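If you read the sequence shown in this note's numbering, its first letter stands for residue 323, the second for the next number, and so on. Reviewing the structure listed below.
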Amino acid sequence: MDRAHLEQQLTTHIGPDAIPGLTWYVRDGDQVLTGALGHRDLEATAPIDTDEVFRIASMTKPVTAALALMLVADGAVGLTDPVDAHLPELADRRVLRHPHADIDDTVPADRPITLADLLTNTSGWGMDFSDFSPTPLDAAWAARGIVAGPPAPAGVLSTEAWLTAAADLPLRHQPGERWLYNTPSLVTGLFIERATGSRLGEVMAERVFDPLGMTDTGFWVPPQNRRRFGACFGAGTDVYDPADGQWAAIPPREGGDAGLVSTVSDYGRFADLVRAGGAVGDRQVIPRELVRAMTTNQLPDHVLARGGPDPDGTGWGYGCEVRTTRAPSGLAAGAYGWNGGLGSRWFTDPASDRTGILLTNRMWSSPQIPPVFSEFEPLVAAG
């Protein structure tokens, strides 16, 4: 990997009107490189270093999925088990007769929601990437304060309050019928809390962060780390979240869908865990077959054709996107990873043994991948 060429290309995206600052991580086989460009402020007075802490948003989802698979390996839960045992509020679901139906126009669910449904985003709840038109169900969610949107940890409901608010709302689709984003990962986090009797952040620290040495990763930024933590910017000069904002305190609920902060080196350790088939040194943290399932497309064609993450070339494993065809960027079929809407991306290509992680302080303006990420990916894929 040519560091100078990579940084030369990334620098073209740095500036107060583009990406104020970023950090990057590239693994090419046994070689690991990291770098930092830009600043944590629009005035360019505070340079970013490689240990900068960023809000990684939906890059939380693969971590949540990996933790759930650890519980499967323990025998505490099963992939095909109904989640009702730990989340009785979700038993005996009703399903809308069609996605735009009134919330009382329902039929019984064909079957219970399983953990596998949650991990593959096919539980029946969530955002439909192929249809963003408002529905009566969306309005009902919003009225109860549980609408999906950019991470806002200070304003979320507690686990119990969320389940109470959602308990009598119908599913948008039958379990297993359609890929619907975000809410299943949130519910996975609630499921883990109920199954373990602990807060999600505590279980993640015990099972993932501490064993991997991810010392800067968590659901909030303690005071000693705030010198390495800046604002997250929206469009132009808008500040989505200031440095002393929503991540400056322990949130009411630690969400399995979003909310983690991390560094490129910390997330690189998680990426290495998955790359190594669930092993850390000589210790098998997650059984290899479960990691293989996590990074293999689990969605049948008829589900992919109905609102998958990218029906033209990707599927979904357990908690992460999986390429089903070669990407225009050069990533091979079988490459996997995911993004964070507050400005981050991770991907690993087993065929070339390359991993790329890019963390920025500018949130995405739409589900379309911003130019800096579109340029980073082929640079890493080419080696």
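Glycine is no exception: its CB is placed at the ideal position from the N, C-alpha and C atoms. Since this is a predicted model, take the numbers as computed values, not measurements.
Strictly by DSSP, which residues pair up with residue i?
i	result
Trp668	Trp660, Ile679
His361	Pro369
Thr436	Pro404
Ser584	Phe376
Ile336	Ile341
Leu418	Thr428
Gln353	Asp350
Arg684	Phe555
So which of the options has the shortest CA-CA distance to residue i?
i	options	result
Arg591	Phe541, His495, Asp532	Asp532
Glu482	Leu409, Thr646, Gly663	Leu409
Leu491	Val417, Arg550, Gly498	Val417
Val478	Glu365, Val354, Pro573, Leu441	Pro573
Asp588	Trp668, Gly448, Ala398	Trp668
Asp671	Gln690, Val596, Gln546	Val596
Leu612	Thr372, Met323, Ala387, Ala326	Ala387
Arg433	Pro456, Pro404, Ala488, Ile425	Pro404
Thr442	Asp424, Arg466, Gly498	Gly498
Thr727	Leu440, Ala368, Asp426, Ala431	With the chain represented from 323 up to 705, any question about residue 727 goes unanswered, as that position is not in the structure.
Arg377	Phe551, Ser651, Thr457	Phe551
Ile435	Trp542, Thr486, Arg500	Arg500
Pro564	Leu512, Val625, Val543	Val543
Pro458	Ser666, Asp424, Leu502, Ala655	Asp424
Pro689	Gly665, Leu626, Asp675, Gln568	Gly665
Leu328	Leu512, Gly351, Leu359	Leu359
Phe323	Asp352, Thr334, Asp623	Phe is not the amino acid found at residue 323; the sequence shown has Met there. When only C-alpha atoms are compared, the closest one is Asp352.
Ala465	Met685, Leu393, Ala488	Ala488
Asp373	Arg419, Arg549, Ala462	Arg549
Between which two residues does the beta strand (DSSP E) containing residue i stretch?
i	result
Tyr347	343-350
Pro458	Run containing Pro458: none in the beta strand (DSSP E); it sits in the alpha helix (DSSP H), 458-465.
For residue i and residue j, which I take to be in contact (beta-carbon distance under 8 Å), what is that distance rounded to the nearest angstrom?
i	j	result
Gly446	His495	5 Å
Ala398	Ala517	6 Å
Ala649	Gly635	6 Å
Looking at the secondary structure, which residues open and close the alpha helix (DSSP H) in which residue i lies?
i	result
Val625	623-626
Asp396	382-396
Q.
Under 8 Å, with one C-beta from each stretch per pair, do the region 502-511 and the region 598-605 reach the 3-pair mark?
A. Cβ pair count under 8 Å is below three, so no.
Q: Answer yes if the region 576-584 comes into contact with the region 379-393, meaning at least three C-beta pairs across the two stretches below 8 Å, and no otherwise.
A: By the criterion of at least three beta-carbon pairs nearer than 8 Å, the region 379-393 is in contact with the region 576-584.
Q.
Does the region 346-365 come into contact with the region 674-681, if we say contact requires no fewer than three beta-carbon pairs (one atom in each stretch) closer than 8 Å?
A. These segments touch.
Q: Answer yes if the region 518-525 comes into contact with the region 447-461, meaning at least three C-beta pairs across the two stretches below 8 Å, and no otherwise.
A: Contact between the region 447-461 and the region 518-525 is absent: fewer than three C-beta pairs spanning the two stretches fall below 8 Å.
(Q) If contact is defined by three or more beta carbon pairs under 8 Å, each pair taking one atom from either stretch, is the region 606-621 in contact with the region 690-705? (A) Segments in contact, no.
Q: Could you tell me whether the region 327-338 touches the region 354-369, where touching means 3 or more Cβ pairs closer than 8 Å?
A: Yes: the two stretches touch, three or more of their Cβ pairs being nearer than 8 Å.
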